[in-house]
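Scroll down for the structure; my scribbles are underneath it.
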């Protein structure tokens, strides 16, 4: 099938670009001296995870336990849940999962660690955890000054194996200046390594220092003591990253094909992709309003408004040629939640649909 | 099962409130003298549609053909697709659907109408359409001044039955002042009725005048000549509408139960619901930043930041009592895309889960 025969809206992924992106990040991280544990929340697709492993990834990262279960079912056996797991139901599920595959999760509190330890003891196993440190994102994570003391307390719990230190200095994502972003990445990595070394000096086997995302992975991977990095978005790239110079539009592998369904005014077109396809995500504070995605073939045309199932384009001179029935291809601002809205996407090469991929972990928020 | 035993994040709906909301809108629209054709994009759940019909709805509205197919499969036989259908694949599907149920869609161009007419002729049937008029939203729809001429041209096509006039003056949604909103609603309804009467005078059987949403339905229903209104959000209500005085917080039937997974600072908590649960939808231009939803039990606590699978709360004095493991219930800003992220939701009464409902039309963007 040719892409032009796909009904719209549809997500298409250029498989050549996808493979190049995966190979490039693998090569850079390897050259920098760390392992790659890519974050699969960007694609939620087991086949892409398989490609990442084939290109040398040492394991996979997920955001939620439900995503881990999907990947375990698909045969993946080394998973990091980059989140705190809290609540009896989740810990029972974690115990079941821990019997099937190597799984690790994060802790940033003694309260949370005790919950894990209690369930582990009751289940007759031990949970492997990473100590989550706040290195500037101000989301979760223990403050660096309190990290060693918390690590000691957690490491002493009977049901817990404290195997590493974890951080995500995602604030570095928002820094368009590469030198400043590099400094952020180095600071994150340095803080995590310092905590790990102090815990090692106290006799804990914290072998893992896991840091960084797409914007900082290559910098952090070169820091001595960092063992793994967890970029996610690099597989598809998106406009938020391209506008910051993290990746380029030429590296954007994923587009949304959307059809013009109305041409109500010379400078206005309506397309069949709205916020239930593109999401309303828009990076704030960029100065010039970027709109809700980017049409590479019509760079002067903006997606100025989204309704749930309608997108409104403000057309420049070139855009005015758009007629009802024409298809535009949109690079989304933020690719991760966009994929999470779709049941499937189409892998294409040279305009031909090679196959459809199910977003197997879509909606696994628990 | 009690709601406190649900794993998080989970969507819970107070079924008593849901039924009251449905009954109230039905009663008001009936009293005003119009029929109710509720927009099902808010709930995407056949059981709620059934409840709407049981309370007197005259048929159902959907945003996409795929939603119509789900409802037809569930046994509903009178559907309005509130959108333009463009493209060969969609029109073949529409033809199949038109053989099973009474289905209507919208047109706002001769080009689009000809596509419909051609397929109808080839399939040996006629498509019933409503003429979509722009009454101020500036999305799709023909301008009122050109509507009669377009209606005549469309009505003359061999495969088309022009059965009515359609408008959504959604701009009225954004008007917090009730008197101004009423004026908008009356203007929309008046414009649509005027176009319908002109077409009727020219011999077209445009019996239907279909207008308005939750913010304007009751006003528009009272306008002579309006035959049906299409509110959607009223079933659940949400914070965007509550902040505008369209509905109240007490009418908000849907909440997201989310668990505190981290308490990294005295004034900060992290919950397990992020943008992949709540969406980043936030009504702009409200002055005071409302955050990403509202915790009724902690009105001074704000959801200040969302990551994909994390929400960050800035806690006021009351909020500081929140501990790891505690559950908060969040009323979303915009309920429609929130439901579209979930595979299911839980219907509850007095704290007890009555049953789980599948979001059967979730993700049906085509």
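Residue numbers (our numbering), protein chains in the order written: chain A, 668 to 1033; chain B, 668 to 1033.
Glycine included, each C-beta is placed from N, C-alpha and C at the ideal position.
Can you give the Cα-Cα distance for residue i and residue j, rounded to whole angstroms?
i	j	result
residue 956 of chain A	residue 1032 of chain B	26 Å
residue 796 of chain B	residue 960 of chain A	32 Å
residue 848 of chain A	residue 842 of chain A	6 Å
residue 828 of chain A	residue 899 of chain A	26 Å
residue 969 of chain B	residue 901 of chain B	24 Å
residue 897 of chain A	residue 749 of chain A	9 Å
residue 1006 of chain A	residue 768 of chain B	32 Å
residue 676 of chain B	residue 1028 of chain A	16 Å
residue 905 of chain A	residue 948 of chain A	12 Å
residue 854 of chain B	residue 921 of chain B	32 Å
residue 741 of chain A	residue 708 of chain A	15 Å
residue 850 of chain B	residue 804 of chain B	14 Å
residue 629 of chain B	residue 1018 of chain B	The question about residue 629 of chain B has no answer here: the residues shown for chain B are numbered 668 through 1033.
residue 746 of chain B	residue 964 of chain B	39 Å
residue 974 of chain A	residue 926 of chain A	15 Å
residue 616 of chain A	residue 811 of chain A	Nothing can be reported for residue 616 of chain A: it is not among the residues displayed for chain A, which extend from 668 to 1033.
residue 1024 of chain A	residue 919 of chain A	18 Å
residue 819 of chain B	residue 866 of chain B	7 Å
residue 824 of chain A	residue 880 of chain B	57 Å
residue 722 of chain A	residue 944 of chain B	32 Å
residue 1011 of chain B	residue 687 of chain B	21 Å
residue 792 of chain A	residue 799 of chain A	22 Å
residue 992 of chain B	residue 734 of chain A	21 Å
Let's test the definition: count the other Cβ atoms within 10 Å of the Cβ of residue i and tell me whether it reaches 16, buried, or not, exposed.
i	result
residue 917 of chain B	exposed
residue 766 of chain B	exposed
residue 977 of chain B	buried
residue 681 of chain B	buried
residue 719 of chain B	buried
residue 705 of chain B	buried
residue 710 of chain B	buried
residue 1001 of chain B	buried
residue 935 of chain A	buried
residue 779 of chain B	buried
residue 852 of chain A	buried
residue 990 of chain B	exposed
residue 1021 of chain A	exposed
residue 858 of chain B	buried
residue 967 of chain B	exposed
residue 875 of chain A	buried
Can you tell me which of the three DSSP states residue i falls into?
i	result
residue 863 of chain B	helix
residue 800 of chain A	strand
residue 811 of chain B	helix
residue 883 of chain B	coil
residue 1043 of chain A	Examination of residue 1043 of chain A is not possible in this model, given that chain A is present from 668 through 1033 alone.
residue 834 of chain B	strand
residue 768 of chain B	coil
residue 974 of chain A	coil
residue 959 of chain A	coil
residue 793 of chain B	coil
residue 744 of chain A	coil
residue 855 of chain A	helix
residue 728 of chain B	strand
Name the chain B residues that come within less than 9 Å of residue i, Cβ to Cβ?
i	result
residue 947 of chain A	946, 947, 948, 949, 1001, 1004
residue 834 of chain A	The premise fails here: residue 834 of chain A is roughly 13 Å from chain B at the closest Cβ pair, so nothing lies under 9 Å.
residue 669 of chain A	Within 9 Å Cβ-Cβ: nothing; residue 669 of chain A doesn't reach chain B, min ~13 Å.
Below 7 Å on C-beta distance, what does residue i contact in chain A?
i	result
residue 943 of chain B	1004, 1007, 1032
residue 730 of chain B	975, 976
residue 937 of chain B	806, 807
residue 801 of chain B	931
Give me the chain B residues within the contact set of residue i, using Cβ-Cβ distance strictly less than 7 Å, ordered along the chain.
i	result
residue 1010 of chain A	1030
residue 808 of chain A	931
residue 991 of chain A	753, 776, 778, 779
residue 902 of chain A	None at all; the shortest Cβ gap to chain B is about 15 Å.
residue 907 of chain A	Within 7 Å Cβ-Cβ: nothing; residue 907 of chain A doesn't reach chain B, min ~12 Å.
residue 688 of chain A	Within chain B, no residue comes near residue 688 of chain A; the closest Cβ sits about 20 Å away, beyond 7 Å.
I want to verify the contact list: residues of chain B whose CB lies under 8 Å from the CB of residue i, in sequence order.
i	result
residue 775 of chain A	929, 931
Whose Cβ in chain A lies nearer than 8 Å to the Cβ of residue i?
i	result
residue 674 of chain B	754, 756, 757, 1033
residue 926 of chain B	753, 754
residue 708 of chain B	975, 976
Please list the partners that residue i has in chain A, where partner means a Cβ-to-Cβ separation under 9 Å.
i	result
residue 979 of chain B	805, 806, 807
query: Per the contact definition of three or more C-beta pairs closer than 8 Å, is the segment 888-903 of chain B in contact with the segment 693-704 of chain B?
result: yes
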